[in-house]
Structures are given as structure tokens and as C-alpha cells.
Amino acid sequence: MILSLEHIYKDYVQDKLVVPVLKDINLSVEEGEYVAIMGPSGSGKTTLMNIIGCLDHPTSGEYILDGKSVLGLRDNALSDVRLNSIGFVFQTFQLMPRESALENVCLPLSYAGVKKSEKKERAMKALERVGLKERALFKPTQLSGGQKQRVAIARAMINNPKILLADEPTGALDQKSGEQIMRLFKKLNEEGVTIIMITHDPKIAQNAKKIYYIIDGVISEDEEKARSTAEALEKEEAMEDDFLIENEKSDNEKQEVASDENS
Amino acid sequence: MLENIRMSFKGIWSHKMRSFLTMLGIIIGIAAIIAIVSTIKGTNEQIKQNLIGSGNNTVKILLNQGDYQLEIDEYTSVPDGVTQISDETMKKIRKIDHVVSAARYLRRTDYSGYVFYLNNSLSGGSVNGVDLDYFETLDYVIRKGRGFSQKDYDDYNKVAILDEDSVETLFPGEDPIGKTIEINKEPFVVIGIVTSGTTFEPTINSEEDYYTYYQESAGSVYIPSSDWPIVFRFDEPESLVIQVESTDDMTSAGKAAADILNAAISPTDDTVLYKAEDLLEQAKEIQQLSESTNNMLIWIAGISLLVGGIGVMNIMLVTVTERTQEIGLKKAIGAKKNKILGQFLTEAVVLTSLGGIIGVISGIVLAEIISRVADMPVAISGPAAVGAVAFSMVIGIVFGMMPSYKAANLDPIEALRRE
Ligand SMILES: Nc1ncnc2c1ncn2[C@@H]1O[C@H](COP(=O)(O)OP(=O)(O)O)[C@@H](O)[C@H]1O
Ligand SMILES: [Mg+2]
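Line by line, the protein sequences give chains A and B. According to our numbering, the first sequence is numbered sequentially starting from 146. According to our numbering, the second sequence is numbered sequentially starting from 10.
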């Protein structure tokens with residue numbers, strides 16, 4: 146097992162209101178697996194991905210990555226985990242606009258302290274793997290969406306991480322480019338890379354060996370089960386809210402009585 | 010590091026106008042400081058030169074009584090316990106650090122008309138009894154005729170050497186070589202003319218300066234010191250003149266020489282002392298006056314640097330906001346806080362250093378313009394230029410720290426969420 150999430154909760158606090166986004170997430174991924182996580186917009190996919198990617202801390206729960214608990218780690222240690230164990234691919238590519246494809250791919254190597262001569266060589270190889278060797282010196286503005294995403298994949302894979310995290314990797318691409326990216330993912334997975342991919346497109350999700358559904362912060366392999374659990378929780382929350390509002394009302398009444406007595 | 014610098018230049022270049030405007034405060038501040046420092050240095054060097062003479066580097070060590078120079082003439086008696094300077098003492102003086110050469114001399118100002126050629130008198134000039142090293146020590150060169158020889162001293166030859174001013178006074182339109190002049194009723198044959206090897210154009214800042222200048226220009230007659238008793242008296246106290254390696258050695262070497270001379274005499278009047286004529290000290294006092302006014306200007310230029318620094322901080326904050334996404338991505342793919350801090354700090358330092366370098370160049374140009382237009386002396390100071398660039402680097406570090414720290418602590422999730 147390469148990673149496992151146990152009872153992960155994540156709340157956001159907005160205007161003093163606690164908004165639960167992830168509710169009791171339990172998820173284990175084996176090494177070499179290819180997992181897709183599906184769900185409607187706003188269901189908490191990106192939040193979950195950020196926690197898996199060690200970018201965000203859950204409110205509670207346990208996260209074991211590669212046999213070690215990562216939740217107690219300091220910022221610098223988490224940076225090292227992201228640098229060496231995880232590759233990121235984003236919906237909007239996130240390339241440095243002023244740097245060439247080659248320089249973009251080189252970026253993680255500078256943080257890993259790789260020598261300059263070796264850096265170029267390795268970045269070139271990575272670009273070759275995604276079929277963009279001839280476009281090494283192109284700037285992102287000179288590349289198509291699909292090509293940009295392939296540069297981003299080359300960058301994600303340059304330090305040979307065990308895990309590739311992709312958040313809607315085909316979300317900004319046309320169908321053909323999307324399929325190309327899926328072929329690349331398949332190839333990487335066959336080479337042994339564990340892939341966790343987020344998508345809301347069922348066709349894209351079909352490329353994975355396993356699909357999870359996340360609905361309103363509840364995850365399950367069974368879409369229906371996720372929905373019904375989420376709805377049950379929703380009702381509970383609503384009842385709690387009503388209870389709170391009732392309490393607030395009675396508090397206000399008490400205060401009014403108190404101020405009446407004072408005057 | 011090199012990578013950071015390369016990236017910084019790229020960033021600065023991609024916002025040429027903005028970067029230039031940001032640097033402007035630093036440029037103006039540094040340029041003003043360089044121009045002011047150059048003018049101060051120029052003025053100081055001129056003061057030094059005017060007062061001391063350039064390249065000559067000689068210090069006179071004269072006998073003083075109380076606060077005044079002790080001038081010997083036929084009406085004053087030789088103070089008790091003051092002997093002439095021995096060869097032994099001279100040896101010690103020549104051993105002082107940075108002393109190149111030393112010479113003894115006796116001098117009388119010709120107020121009452123000792124020196125004549127026919128009807129021409131050297132009134133106001135001076136008669137000097139000098140040793141063999143005197144001309145060399147003062148960088149005087151024989152322009153015509155010959156200098157003194159050891160034989161002139163041994164045989165008490167009554168020979169004289171004139172300087173150009175005394176030639177003009179005594180021999181207008183005549184060749185003095187071989188002519189006989191009268192010094193205190195004794196006949197002396199003119200054997201040569203000396204001229205100062207270095208030009209000396211004193212500025213007159215005080216009555217004393219005027220007096221010195223007047224004495225210098227009225228003309229001097231030189232005779233071998235061994236002849237002094239023939240014209241004047243035995244055992245008159247001598248003065249000393251030393252040449253040192255550089256202007257900055259004058260004060261210390263002068264003091265050391267005066268100490269040696271004072272150790273060799275035992276005057277009954279203990280206010281009788283040898284003192285070095287400290288022109289350097291005088292020069293410094295005048296310099297300090299000009300410096301203190303200019304220091305105010307440097308403070309004003311400093312305020313410009315402060316404003317420039319705040320401008321840099323402001324633009325760096327803007328840059329951090331603009332590049333939030335880039336920072337978020339870099340942190341997401343594994344950049345540590347220090348890397349991000351270093352990147353932005355480098356960018357701030359490159360920005361201010363560039364401003365500093367442009368400022369130094371502008372300052373030098375400005376100084377040149379001042380020297381041409383206002384006819385003021387300027388001297389470019391190397392250390393000031395280096396210091397200015399170093400200081401602008403420090404400004405970059407100080408004012409870049411806050412924005413860089415902000416960048417380093419950005420939450421990558423927040424940063425990536427922004428589109
Ligand atoms: N920083 C935040 N503060 C408050 N609420 C947030 C924050 N980030 C995300 N959310 C909320 O959490 C929910 C899940 O967001 P996200 O994980 O981005 O969903 P998805 O990626 O599935 O579309 C959304 O309702 C969103 O508004
Ligand atoms: Mg999302």
C-alpha cells in the first residue's frame with residue numbers, strides 16, 4: 146500500500162461559519178494502481194487532492210504515505226516529500242510563461258540540487274518521453290494546450306516520483322488532446338507509476354482501473370452509497386443548525402429580559 | 010544563485026519601464042552621493058595641494074618659544090642650552106619611518122638690508138645657510154651654474170646661490186653667474202641659480218599665509234652653512250627640513266623628528282621647543298569645514314535612497330502579488346521557503362544594485378559636468394563608488410526582505426486557486 150487516508154475530515158471556516166468539505170474519508174491506494182476520483186463541482190475533489198499531495202492539512206484524521214505518517218511533518222520536510230515522491234499535473238498546466246519548455250521541466254531539478262549539465266540532459270529525456278523533444282525551446286505561448294499539458298507531465302515526472310496526482314488534467318483540453326494525455330498516463334502507469342486522477346468526465350474516468358465517487362465530501366466506490374450517505378449527513382447537519390438557531394434565539398430573549406430589568 | 014540572478018534579469022527586463030522607474034530613486038540618491046563625495050574629495054585635494062604643495066612633501070621643523078616661532082637676528086640672543094643639530098642626531102632623523110631625506114639650515118629675513126648687488130638690495134628676502142643636502146631635500150634643482158660642493162664647505166669658500174626671485178631683485182636683466190654680491194659686508198661670488206622642482210602656488214587664507222608667501226616670493230640667497238659665522242654668529246640654532254614619502258606621512262614624521270631634536274637640546278627656558286610646521290593639520294581643519302557642509306547634502310541624498318528603498322519594497326510587493334500563482338506552483342513542486350525567499354531577495358538586490366551601478370555612472374558624469382560648468386575641482390573616489398554599490402545592495406536586502414518573506418510564506422493552495 147503506497148498511501149492510506151483514515152477518517153480524514155476537512156472543515157473550512159468562512160465568516161465564523163464552519164463549512165465541512167471532507168467527511169470521514171477513508172481511501173487506500175496500492176502501489177501501481179490507477180485511480181480516478183469523480184464527483185460534481187464543489188464536492189471536495191481538489192481539497193482531497195491537496196491533502197494527498199501534502200499541500201494542505203486535514204482538520205483531523207491520519208495520512209500514511211509510503212509507510213510514514215506525514216501529518217506531523219514540518220514545511221521543509223513536506224517540500225521534500227512533494228519534490229521527490231509526488232508529481233503534480235493541474236487543469237491549467239501552471240507553466241512559467243516566460244520560460245521555455247526545457248526550463249519549465251528543469252525547475253524541480255534545481256530544487257533537488259542537480260548539477261547544471263545533468264539537468265539539461267535529464268530534462269531533454271523527460272521531454273522525449275512525452276514526445277516534445279523538438280519543441281524544447283518553445284515558450285508556453287507557442288504550444289497548444291495538449292502540448293503544454295505534456296510539458297507539465299514531463300515536469301511532474303522529472304524526479305521519478307512514485308505517485309502522479311492529476312487534478313482535471315483534461316479539463317481544459319479538446320477531446321483529441323485529452324485522449325493523447327490518457328495514452329501517456331496509461332504508459333506511465335504501465336511503467337509502474339501510481340496515478341490518482343480527478344475528473345468529472347466519465348469517459349476519462351474509464352481509463353482508470355478503479356473509480357471512486359465523491360459527493361458532498363463523502364467518498365465511496367459505489368456512487369449511490371456516496372449519495373445516500375451524503376444526504377443523511379446533510380439532514381443531520383440541518384437539524385444541528387436548527388438547534389443552534391433555536392439556542393441563539395433563546396439567548397437573545399434572555400438578554401432582552403436582562404436589559405429590561407436594568408432600565 | 011546564478012540561476013536566480015538570471016531569472017531576476019529576465020523579470021526586470023520584462024518590465025523595463027517599471028524597473029527603471031523603481032530604480033530611479035536609488036539612481037538619484039547614489040548619483041547625488043557620488044557627485045557630492047567627488048566634489049568634497051576634489052576640494053580637499055586642492056586645499057592640501059595649495060597649502061602644502063603637491064609632490065614636494067616636505068616638513069620644516071622650527072624652533073619655537075612659547076606659541077611663537079623663534080626668529081634669530083642680531084638683536085636676539087641665542088637661547089641657553091640650544092646647541093646646533095649634530096651629525097648623530099641627523100642619522101637618527103634619517104632613520105624615521107618614511108623619511109626620504111633631511112637637511113639643516115639657518116635663515117635670516119633681510120629686513121635691514123644685508124644683501125646688495127651694486128645699488129640693488131634684497132630687502133624683505135632671506136639669507137639661508139644650508140648644508141649639502143638642502144636642495145635635494147626640497148627638490149630644488151640647479152638651473153644654471155653649479156651647486157655647492159664639499160670643498161666649498163671645507164675651504165669656507167664665499168660662494169652664493171640665488172633663487173629666481175632674488176635674481177630678479179638683484180640682477181634685473183643681467184646674468185648673475187660670476188658676479189660678486191655683498192652679504193653683511195662680506196663679498197660672495199654667485200655660482201648658481203636654483204629653481205623649485207615642483208611648482209608651488211599657495212592660496213592665501215590668512216595673514217600668516219600672506220607673510221609666508223611674501224617671504225617666499227621676495228627671493229632667497231643661499232650660502233654654505235660653514236660660512237654662517239663669517240657673516241653672522243657662531244652657534245646659531247639651526248632649523249631642519251625633512252622630505253617624506255607621502256603627504257599623509259608629514260604629520261607623524263614631523264612630530265618624530267621634532268621629538269628627536271628636542272631630546273638633543275636642554276634649554277633653560279622649557280618653552281623653547283622644536284615644532285613641526287604642521288601644514289597638514291591646518292589643511293585638515295579647512296577640509297573639515299567644507300566636509301561638514303557637504304555631509305548635510307549627503308544626508309539629503311540619503312533620504313532619496315530611503316524613498317528609493319521604499320519604492321523597491323512597494324514594487325516587490327506588487328511583483329509578489331502578480332506572481333502568486335508562480336510562487337504557489339514552485340512551492341507545490343517542492344521549492345522550500347528559503348528558495349523562494351532567496352529568489353525574491355535576489356531580484357530586489359539585483360534591482361537596487363543595477364540602480365546603484367547606474368547611479369555611480371551618473372554621479373561620475375554629474376561630477377564631470379559640475380567641474381566643467383562650476384569650475385570646481387572634482388576627484389572620483391574609487392572606494393566611494395564601490396561603497397555606493399555595496400550600499401545599494403544592502404538597501405535591496407533591507408527593503409526586499411519583507412516582500413520576499415511574504416512570498417516565501419504564501420499558502421500554495423491559495424496561490425494555485427487564483428486564476
Ligand atoms: N479556502 C477555502 N475556504 C473556504 N471554502 C473553500 C476553500 N477552498 C474550497 N472551499 C470550498 O470547499 C468546497 C470544495 O471545493 P473543491 O475541493 O475545490 O471542489 P472541487 O474541486 O470538487 O470542485 C467548495 O464548496 C468550496 O467552495
Ligand atoms: Mg477542483
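No residue lacks a Cβ here, since even glycine has one placed at the ideal position from N, Cα and C.
Coarse secondary structure for residue i, derived from DSSP in three states
i, result
"residue 159(A)", "strand"
"residue 360(B)", "helix"
"residue 203(B)", "strand"
"residue 63(B)", "Note that residue 63(B) scores 46 on pLDDT, short of 50, meaning its location in the model is unreliable; the coordinates nonetheless yield the value given after this. Of the three classes helix, strand and coil, the one that applies to residue 63(B) here is coil, per DSSP."
"residue 5(B)", "Nothing about residue 5(B) can be read from this structure; chain B reaches only from 10 to 428."
"residue 206(A)", "strand"
"residue 313(B)", "helix"
"residue 159(B)", "helix"
"residue 263(A)", "helix"
"residue 344(A)", "strand"
"residue 176(B)", "helix"
"residue 96(B)", "helix"
"residue 36(B)", "helix"
"residue 121(B)", "coil"
"residue 27(B)", "helix"
"residue 152(B)", "strand"
"residue 229(B)", "strand"
"residue 422(B)", "helix"
"residue 312(A)", "strand"
Length of the line joining the Cα atoms of residue i and residue j
i, j, result
"residue 389(B)", "residue 409(B)", "30 Å"
"residue 253(B)", "residue 118(B)", "26 Å"
"residue 3(B)", "residue 238(B)", "Here chain B covers residues 10 to 428 and nothing more, so residue 3(B) does not appear."
"residue 222(B)", "residue 98(B)", "Here the model assigns residue 222(B) a pLDDT of 49, short of 50, so the residue's position is not dependable and the matter cannot be decided."
"residue 368(B)", "residue 353(B)", "22 Å"
"residue 10(B)", "residue 255(A)", "10 Å"
"residue 28(B)", "residue 22(B)", "8 Å"
"residue 344(A)", "residue 404(B)", "48 Å"
"residue 4(B)", "residue 49(B)", "With chain B represented from 10 up to 428, any question about residue 4(B) goes unanswered, as that position is not in the structure."
"residue 255(B)", "residue 107(B)", "8 Å"
"residue 371(B)", "residue 381(B)", "15 Å"
"residue 224(B)", "residue 279(B)", "For residue 224(B), the predicted model reports a pLDDT of 47, less than 50, meaning its position is unreliable and no value from the coordinates is stated."
"residue 223(A)", "residue 47(B)", "54 Å"
"residue 242(A)", "residue 383(B)", "51 Å"
Distance cut-off 8 Å: residue i Cβ against heavy atoms of ligand 4
i, result
"residue 164(A)", "Of the ligands one can find in the structure shown, namely ligand 1 and ligand 2, none is ligand 4."
Any C-beta of chain A under 9 Å from that of residue i
i, result
"residue 63(B)", "Low confidence applies here, because residue 63(B) scores a pLDDT of 46, under 50, leaving its location unreliable; read the following figure in that light. It does not: the Cβ of residue 63(B) has no partner Cβ on chain A nearer than 9 Å."
"residue 27(B)", "no"
"residue 317(B)", "no"
"residue 416(B)", "no"
"residue 20(B)", "yes"
CB contact check: residue i to chain B, cutoff 9 Å
i, result
"residue 253(A)", "yes"
"residue 257(A)", "yes"
"residue 198(A)", "yes"
"residue 224(A)", "yes"
"residue 287(A)", "no"
"residue 227(A)", "yes"
"residue 274(A)", "no"
"residue 327(A)", "no"
"residue 195(A)", "yes"
"residue 320(A)", "no"
"residue 295(A)", "no"
Given residue i as reference, the closest of the options once Cα atoms are compared
i, options, result
"residue 316(B)", "30(B), 281(B), 136(B)", "30(B)"
"residue 157(A)", "229(A), 239(A), 176(A), 187(A)", "187(A)"
"residue 52(B)", "371(B), 163(B), 301(B)", "301(B)"
"residue 301(A)", "339(A), 178(A), 323(A)", "339(A)"
"residue 331(A)", "353(A), 384(A), 213(A), 150(A)", "353(A)"
"residue 32(B)", "264(B), 365(B), 71(B)", "365(B)"
"residue 344(B)", "399(B), 43(B), 326(B), 419(B)", "419(B)"
"residue 258(B)", "105(B), 121(B), 269(B), 334(B)", "105(B)"
"residue 202(B)", "172(B), 180(B), 94(B)", "172(B)"
"residue 331(B)", "425(B), 393(B), 263(B)", "425(B)"
"residue 395(B)", "377(B), 373(B), 416(B)", "373(B)"
"residue 361(A)", "233(A), 379(A), 174(A), 197(A)", "379(A)"
Interface partners of residue i on chain C, CB under 9 Å
i, result
"residue 148(A)", "In the displayed structure, chain C is absent; the protein chains listed are A and B."
Taking three-plus beta-carbon pairs below 8 Å as touching, is the stretch 349-359 of chain B in contact with the stretch 401-417 of chain B?
-> Short answer: they touch.
Could you tell me whether the stretch 368-378 of chain A touches the stretch 193-211 of chain A, using the rule of 3 or more Cβ pairs below 8 Å?
-> Fewer than three Cβ pairs drawn from the stretch 368-378 of chain A and the stretch 193-211 of chain A lie within less than 8 Å of each other, which leaves the two stretches out of contact.
Segment contact, 8 Å Cβ cut-off, at least three pairs: the stretch 164-180 of chain B with the stretch 194-202 of chain B = The answer is yes - the stretch 194-202 of chain B touches the stretch 164-180 of chain B, with three or more Cβ pairs under 8 Å.
Does the pairing of the stretch 314-323 of chain A with the stretch 289-300 of chain A give three or more beta-carbon distances under 8 Å?
-> Because the criterion of three Cβ pairs below 8 Å is met, the stretch 314-323 of chain A and the stretch 289-300 of chain A touch.
Touch check for the stretch 121-138 of chain B and the stretch 264-276 of chain B: three-plus C-beta pairs under 8 Å?
-> Cβ pair count under 8 Å is below three, so no.
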